[in-house]
Each structure stands twice: as structure tokens, then as C-alpha cells.
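Asker:
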Amino acid sequence: MSAPSHPPAETETVRLTVAQAVVRFLAQQHTERDGQRQRLFAGCLGIFGHGNVAGLGQALLQAELDEPGALPYVLGRNEQAMVHTAVAYARAKDRLQTWAISTSVGPGSTNTLTGAALATINRLPVLLLPADTFATRSAGSLLQELELPASGDVTVNDAFRPVSRYFDRVWRPEQLPGALLGAMRVLTDPAETGAVTLCFPQDVQAEAFDWPVELFAERTWHVGRPLPERAALARAVEAIRSARRPLVVAGGGVVYSHATEALDAFATATGVPVAQTQAGKGALPFDHPQSVGAIGSTGTTAANALAREADVVIGIGTRYQDFTTASRTAFSDPGVRFVNVNVASPDVVKHAGIAVQADAREALTALTDALAGWSVDDAYRTRTAELAAAWEATVEAAYHPPVPSAGEGGRLTQNEVIGLVNEVSAPRDVVVCAAGSMPGDLHKMWRVRDPKGYHVEYGYSCMGYEIPGGIGIRMAAPDRDVFVMIGDGSYLMMPTELVTAVQEGVKIVVVLVQNHGFASIGALSEQLGSQRFGTRYRARAANGRLEGDVLPVDLAANAASLGVDVLTAQDGPSLEAALRKAKASDRTTVVHVETDPLVDAPSSESWWDVPVSAVSTLESTQQARGVYEQWKARQHPYLTPSERS
1 MSAPSHPPAE TETVRLTVAQ AVVRFLAQQH TERDGQRQRL FAGCLGIFGH GNVAGLGQAL
61 LQAELDEPGA LPYVLGRNEQ AMVHTAVAYA RAKDRLQTWA ISTSVGPGST NTLTGAALAT
121 INRLPVLLLP ADTFATRSAG SLLQELELPA SGDVTVNDAF RPVSRYFDRV WRPEQLPGAL
181 LGAMRVLTDP AETGAVTLCF PQDVQAEAFD WPVELFAERT WHVGRPLPER AALARAVEAI
241 RSARRPLVVA GGGVVYSHAT EALDAFATAT GVPVAQTQAG KGALPFDHPQ SVGAIGSTGT
301 TAANALAREA DVVIGIGTRY QDFTTASRTA FSDPGVRFVN VNVASPDVVK HAGIAVQADA
361 REALTALTDA LAGWSVDDAY RTRTAELAAA WEATVEAAYH PPVPSAGEGG RLTQNEVIGL
421 VNEVSAPRDV VVCAAGSMPG DLHKMWRVRD PKGYHVEYGY SCMGYEIPGG IGIRMAAPDR
481 DVFVMIGDGS YLMMPTELVT AVQEGVKIVV VLVQNHGFAS IGALSEQLGS QRFGTRYRAR
541 AANGRLEGDV LPVDLAANAA SLGVDVLTAQ DGPSLEAALR KAKASDRTTV VHVETDPLVD
601 APSSESWWDV PVSAVSTLES TQQARGVYEQ WKARQHPYLT PSERS
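In case it helps, full-length UniProt numbering puts the sequence shown at residues 1 to 645.
#1: Measure the CB-CB distance between Gly529 and Ala398 and report whether it falls below 8 Å.
#2: Just to confirm, is the Cβ distance from Gly55 to Ala86 under 8 Å?
#3: Pairing CB atoms from the segment 469 to 489 with CB atoms from the segment 417 to 436, are three or more of them under 8 Å?
#4: Is the distance from the Cβ of Ala239 to the Cβ of Val341 below 8 Å?
#5: My output table needs one value for Gln276: the three-state DSSP class, helix, strand or coil.
#6: Using the rule of at least 16 other Cβ atoms within 10 Å of the residue's Cβ for burial, across every protein chain shown, is Glu10 buried or exposed?
#7: Tell me whether Ile486 sits in a helix, a strand or coil according to DSSP, three-state version.
#8: Leaving out the 5 sequence neighbours to the left and right, which residues in its chain are closer than 7 Å to Val370 when beta-carbon positions are compared?
#9: Here's a check: name, in chain order, each residue in its chain whose Cβ is nearer than 7 Å to the Cβ of Trp631, leaving out the five neighbours to either side.
#10: Spell out a yes or no on whether the segment 242 to 259 and the segment 49 to 67 are touching, meaning 3 or more CB-CB pairs, one atom from each, closer than 8 Å.
#11: Check whether the segment 584 to 595 touches the segment 505 to 516, counting contact only when three or more Cβ pairs, one atom from each stretch, lie closer than 8 Å.
#12: For Arg219, which option in Arg361, Phe200, Gln321, Gln38 has the closest C-alpha, if you only look at C-alpha atoms?
#13: Could you round the C-beta distance between Val163 and Thr120 to whole angstroms and report it? I think they count as a contact, below 8 Å.
#14: Taking a contact to mean a Cβ-Cβ separation below 8 Å, would you say Tyr166 touches Met475 in this structure?
#15: Go ahead and label Glu362 buried or exposed: buried means 16 or more other beta carbons lie within 10 angstroms of its beta carbon, across all protein chains shown.
#16: Between the beta-carbon of Pro201 and the beta-carbon of Ala135, is there less than 8 Å?
#17: Are Leu412 and Thr595 touching if we call contact CB-CB under 8 Å?
#18: Could you give the first and the last residue of the continuous beta strand (DSSP E) run that contains Arg337?
#19: Cutting at 6 Å between CB atoms, please list the residues of its own chain near Val550, excluding the five before and the five after it.
#20: Can you check DSSP and say which residues form a bridge with Glu594?
#21: Which same chain residues end up closer than 8 Å to Pro427 when comparing Cβ atoms and leaving out the 5 residues on each side of it in sequence?
#22: Between Val417 and Leu575, how many whole angstroms is the CB-CB distance? I'm expecting something under 8 Å.
#23: Quickly, what does DSSP pair Leu45 with across the bridge? List them, please.
#24: Taking 8 Å as the cut-off, decide whether the C-beta atoms of Gly478 and Ala559 are in contact.
#25: Do the segment 300 to 320 and the segment 336 to 352 make contact, defined as three or more Cβ pairs closer than 8 Å?
#26: Buried or exposed for Asp554, going by 16 or more other Cβ atoms inside 10 Å?
#27: Cα-Cα, which of Leu176, Ala100, Arg123 is closest to Ile47?
#28: Can you tell me which of Ala42, Pro130, Thr13 puts its alpha carbon nearest to the alpha carbon of Val27?
#29: Could you name the residues that DSSP lists as bridge partners for His30?
#30: Does the distance from the C-beta atom of Asn157 to that of Pro125 stay below 8 Å?
#31: Quick one, which of Ser461, Glu192, Val14 has its alpha-carbon nearest Val223's?
#32: Assign Val612 to one of three DSSP states: helix, strand, or coil.
#33: So Gly626 is in the alpha helix (DSSP H); what residue range does that whole segment cover?
#34: Is Asp378 helix, strand or coil when you go by DSSP?
#35: Helix, strand or coil: how does DSSP classify Arg328 here?
#36: Please work out which residues of its chain come closer than 7 Å, Cβ to Cβ, to Gln62, disregarding the five sequence neighbours upstream and downstream, and give them in chain order.
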């Protein structure tokens, strides 16, 4: 006898536009880790154009009026900058919170491509909601529509595919639930996260649909801590126990995982020295007995000396970027082996390492327990301490040279500026940088005292990140002062977000270093035999070359015109006074100081692989090529099996 048939239960629905449904859904998403629950989205940053003003713009307005605080809206000034703000916020929140970004169609959309690439490369979550052309194609050809003769369904937004960890285009309302859930999965997965792009055609945004109310129920995305597999842990322990000269390379995963205390316990118990990548700086405070500071091309001589001798390298939460490995010359022992701890599978297999795919905190705790009673010998501890002390003396001399303001014309050196900012800032304050010579100088010299006190974007090293990034950090941590370190070249890329800081009452301190050009690339150009060509801010001379007078650009006046306070400094005492005044203020302040671009930071005694012309009529290039070939000969493939047969 067949079972009686019952009509399906009616699903309760609510009628909303697609854009209204997106806003309502995003407001209900939460993350949880270690029992701490928070909203996934702090809000939506946006700039409106014809592609989103009547869709997501209307939906955000309606939400602001009907449900204040559900998904706050912040008006940005540059689409790329909005992504930087969101990404910096996500990093400050250990990838557990971020922002959504709404842009118009066309240039408003593609302006965010650089930010998307930055987010994906740095493994930081951000949700991009670019507008798209009509799904119905009822009014083509549209303003800002890309017309390809061989394809009718490609738009400029397809350019997001290679730089997004997840990409979808919602052609029909019925596709929205699957797209949103897929996006949340990637945004909340530490191993998979990055830029998530959901494209919304203009007409679809405004289209109404009857949505099941379950779509808008509160959802909590649990961020787990994968445990190390027992056999993998045993292999790692065996390799570490066999080491005579082990070295930890701590990456950003240590900080994101809140594994700094576990790393402290591991290093203290075993005596293994700890070097830090750009993202991992802060994993240990600078004065920890086992800390040897930055590693690689922008590292300390202490970390790089130990790296050259290391027989086992324990990478924790690092992706081994070329700056970290000094383009595969940092680890010179012929039989060097690697133990790789990471939540991401692509990173655990790098350098033929022993793969421990796990959460950094859980893996470090397990390693410390399994290595109980084992330690490096006393001579290695002593060598670690001596190398670290020698580097600290080098930093002190750079911060406080025998003749203060020893740059050309009495100008401060960048080293002195960094030292003064370091000394004026409080231990929990945050230094921010991204491009130019300062990221490398900060990496090797900044005395970090707090796991969140150092924020340098060096996965993409994007000029213009600093100011919007600083805003995102301050929004994430309003109890910390944020010191944005920025050169004139990077400042000129994106100063407009100072207006956003004023609008939102978000206070940051911008230390604007004026050196009249691209100091970092200028120094690299000289090193590579290209004589600083095209790196100085000079007027075009009578001979047709850019070698005339210094450009009469007043960046202090520019900053003041954007509504912030501006202080100028000429020497050490005036810079210190300006920094202290800026720190005491509750307003965004730009501290403008001129420096000598020709005084470098102390050498890392390391290398970075930037190819030099193989053939040249320039003697400077020929000499640089010879040095390049010497370093190339030292590159290591790092293919030695890490497990012994």
C-alpha cells in the first residue's frame, strides 16, 4: 500500500529585490573561533555610479533607515583604496571579520582589481560586489560595456577571475543563495580565503523575488583549528630532534592563529632561534631571547647568518616568499631540510618539506609536548644571543648616528625617522607601510613589541595601500594609535582617503617622508647598473632628460587641503615634538619631513633576484651583471628529501 501523499509544506517567503536580499543576508553572517563570535561584515564600503546606485545603493539606504547598524555604509574616495581598507581591517581582525565593497560598472569595478589581487596574494578575505552590464541585454550597447565580437557573455568583470579565490555572476535571482553560500565558505576558510567576487548585473540588482525566509536567518561560520596528523607530527619531531642548527621561520599564520604564546613556549623550551617574515613580524617581541628578527632579503644579519648554517628549517605559517628565502639563497647548508606547518596544502609541500597541515597554535603545542626534554646545545643558544645583540647594536647606531641629522644638507636619514617613530609610539601602537624602501627598513629595524604592532603589506607591496590601510586598522582597533609610514611616491598614488578619515572621524598619524622620488627603486636601479634612471622627481631639462630642478611640489599643503592637520619637521627634536603632538591629538595628522634618500639602512648581507641585462654598453650594468651571476650560482633548488629513507 502506498504511503499517503502530502502536499509540500508552504515555505514562508519575503519579497525583496536581489540587492536588498544581499544586504539582509550579509548582515546575518557571523564567524566563531574558540568560543568568540562576531559579525563577519563590519559594513559596506562603496562608491555609487549608475551601475549600483539604484540597486545596492537603494538597498543600503533602506537598511540604514529600517535596521540601523545592520550593515553600516562608508563612502570611500577611490575603489582600490576601499579594498585596501577592508583588507587591512581583515588582517587586524585575524581574518575573522572584513567589509563588503560595492562599486559601479566599468571603471568603478575594474579600479578594484589591484585590491583584489592584493587580498588574494596575502590570503586575506574581502567581498567584492561589482556591478555588471544588463543580464537581459535590453538596452545594449551600454555605457561602459565591453563588446567582444567572439563572445556575448564576457564583461570587464571577467578580469576578476584570476585574482579571486571565488568568482560568480548572478544572472538570475534563483542563483543568489548558492552564490552567497559559496562566497561565505571561501571567506571563512583560512586555507582558501582571499578576494571573493560576486558580480551583479544592473537590472538583476533591482529585480524582485520571493525569497525563503530561511535565507536570512543568522548563520555562524565556525573557523576550526585543524590538528596535526599523528604520523606527520612524528616525522617532524624526528627531523627536529636530529638537528644541530635548527631555525624557525615564523610567518603570518602564527599571528592569525593567535599562536604567539605557543611559539614563545616552543622557543623557550627548545632554544630554537626564531626568524620572522614580513607578515610574521611580531610573532615574538624583538627582545625575546630566541628572537633573531627579520629574515631574508630585508632581514637582520643575525637571522641570515643562522639561516646560512641551518640544517633544519621549521616554517610555521609562511609561504616562503622570495624575500623570505632571499630568492632561494638564504639557506645554504647542502643538506638543509624543511618542516612545514601550515593550514594551506600548497605551502606545506614547498621545498620538499615534511608536511604538517594543521593550525599553527595546535601544531606548536603538539611539537612542544613531543619534544619535551630536547633542546639545542648551549653553544648554539650563546651564538643566537651574540648575533642578536650585534644586530641590535647596529640598529641603535642607525637610529642614533654619531652625528645627528647626518644626511645631505643636515636632513634626517630615513633610519633616524624610523627610530623616532619607534620610540615615540606606544608598545600597542601599529606601524603601517607597504611600498618603497621603508618596508625593508622597517622589517629589519623596527623593534616590535606586540603581535599586532607591525602591519606591512608585502605580499603585493602595493603603492597607495598605506593610508587606506591605516584607516582600516584604526577602525578595527580604535584603542591603538596607527602610524602610517609613507614616502612621497606612495603618497601621491592615493592621498584621497585622508578625506574618508576626516569624514569618519578615524584618527591616524601619517608620517610623510619627502625624498623627491622613488628611493627604493632608485637604490635598486643603482645596484643593478641602471643609474637611478627614471626614479627622481625632476623637471625635464633642456637636453630632454628628467634631470632638471627638483619639482616644486608642496605635499604638506596638499594634505592640509584635504582637511587634516599638518605638522612639519626639519630635524630630530622638531620631528619628535611633532610626533608627540600628533599622538596626543584626536584628529588625523600628517607629519611632513624631508630626508636624504642616499643614506641606506644597514645591510642584510643578503640578495634578491632581479635579473640584470646580460648585454649592455654601460659599464655600470656590466659590473652589476657580474655580481648577479655570482649570486645566481648560489641559488638552491631545495629539493633534498626531508624524510630520511
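Cβ atoms here follow ideal geometry from the backbone N, Cα and C, with glycine treated the same way. This structure is a prediction, so every number in the text was calculated from the model and none was measured.
Answerer: So, from the data block:
#1: For the purposes of this step, residue 529 is taken as residue 529 along the sequence shown, with counting starting at 1. For the purposes of this step, residue 398 is taken as residue 398 along the sequence shown, with counting starting at 1. Contact: no.
#2: Start at 1 with the first residue of the sequence shown, and residue 55 comes out as number 55. Start at 1 with the first residue of the sequence shown, and residue 86 comes out as number 86. No. Outside cutoff.
#3: yes
#4: Along the sequence shown, read from residue 1 onward, the residue named residue 239 stands at position 239. Along the sequence shown, read from residue 1 onward, the residue named residue 341 stands at position 341. Cβ atoms of Ala239 and Val341: not closer than 8 Å.
#5: Taking the sequence shown and counting its residues from 1, the one referred to as residue 276 is at position 276. Reduced to three states, the DSSP call for Gln276 is strand.
#6: Mapped onto the sequence shown, residue 10 falls at position 10. Exposed: under 16 other Cβ atoms inside 10 Å.
#7: Position 486 of the sequence shown, counted from the start, is the residue given in the question as residue 486. If DSSP states are grouped into helix, strand and coil, Ile486 belongs with the strands.
#8: Position 370 of the sequence shown, counted from the first residue, corresponds to residue 370. Val is not the amino acid found at residue 370; the sequence shown has Ala there. Around Ala370: Leu233, Val237.
#9: Numbered from 1 along the sequence shown, position 631 holds the residue referred to as residue 631. These residues qualify, in order along the chain: Thr329, Trp607.
#10: no
#11: yes
#12: What you label residue 219 is simply residue 219 of the sequence shown in a count that begins at 1. Considering only alpha carbons, the answer is Gln38.
#13: As a position in the sequence shown, residue 163 is number 163, starting the count at 1. As a position in the sequence shown, residue 120 is number 120, starting the count at 1. Val163 to Thr120, Cβ: 5 Å. Contact.
#14: Indexing the sequence shown from 1 puts residue 166 at position 166. Indexing the sequence shown from 1 puts residue 475 at position 475. No.
#15: What you label residue 362 is simply residue 362 of the sequence shown in a count that begins at 1. The residue in question, Glu362, is buried, as its Cβ has 16 or more Cβ neighbours within 10 Å.
#16: Taking the first residue of the sequence shown as position 1, residue 201 is located at position 201. Taking the first residue of the sequence shown as position 1, residue 135 is located at position 135. Taking 8 Å as the Cβ cut-off, Pro201 and Ala135 qualify as a contacting pair.
#17: Position 412 of the sequence shown holds residue 412. Position 595 of the sequence shown holds residue 595. Yes.
#18: Looking up residue 337 in the sequence shown gives position 337. Unbroken beta strand (DSSP E) run through Arg337: 337 to 342.
#19: Here residue 550 corresponds to residue number 550 of the sequence shown, with the count starting at 1. The residues are His516.
#20: On the sequence shown, position 594 is the one that residue 594 refers to. Partner(s): Gln514.
#21: Here residue 427 refers to the residue found at position 427 of the sequence shown. Answer for Pro427: Arg449, Asp450, Gly453, listed in chain order.
#22: Taking the sequence shown and counting its residues from 1, the one referred to as residue 417 is at position 417. Taking the sequence shown and counting its residues from 1, the one referred to as residue 575 is at position 575. Yes, they are in contact, since the Cβ atoms of Val417 and Leu575 sit about 7 Å apart, within 8 Å.
#23: Here residue 45 is taken as the residue at index 45 of the sequence shown, counted from 1. Looking at the DSSP assignment, Leu45 forms a beta bridge with Val74, Ile101.
#24: Taking the first residue of the sequence shown as 1, we reach residue 478 at position 478. Taking the first residue of the sequence shown as 1, we reach residue 559 at position 559. Sequence inspection shows Pro at residue 478; the Gly mentioned does not correspond to that position. Cβ atoms of Pro478 and Ala559: not closer than 8 Å.
#25: yes
#26: Against the sequence shown, residue 554 aligns to sequence position 554. Under this definition Asp554 is an exposed residue.
#27: Sequence index remark: in the sequence shown, residue 47 carries index 47 (1-based). Comparing Cα positions, the closest option is Ala100.
#28: As a first step, residue 27 is located in the sequence shown; it is residue number 27 there, counting from the start. Looking at the sequence itself, residue 27 is Ala, so the reference to Val does not match. With distances taken between Cα atoms, Ala27 lies closest to Ala42.
#29: Here residue 30 refers to the residue found at position 30 of the sequence shown. The partner list for His30 (beta bridge, DSSP) reads Arg39, Thr220.
#30: What you label residue 157 is simply residue 157 of the sequence shown in a count that begins at 1. What you label residue 125 is simply residue 125 of the sequence shown in a count that begins at 1. In this structure, Pro125 does not lie closer than 8 Å to Asn157 by Cβ.
#31: Sequence index remark: in the sequence shown, residue 223 carries index 223 (1-based). Of the listed residues, the one whose Cα sits closest to Val223 is Glu192.
#32: Along the sequence shown, read from residue 1 onward, the residue named residue 612 stands at position 612. Three-state DSSP puts Val612 in coil, outside helix and strand.
#33: Numbered from 1 along the sequence shown, position 626 holds the residue referred to as residue 626. Where Gly626 is concerned, the enclosing alpha helix (DSSP H) stretches over 619 to 632.
#34: Reading the sequence shown from its first residue, position 378 is the one you call residue 378. In this structure, Asp378 counts as helix in the three-state DSSP scheme.
#35: On the sequence shown, residue 328 is found 328 positions in, with the first residue counted as 1. Note: Arg328 maps to coil in three-state DSSP.
#36: In the sequence shown, counting from the first residue as 1, residue 62 sits at position 62. For Gln62, where only same-chain residues beyond five positions count, the Cβ hits under 7 Å are Gln20.
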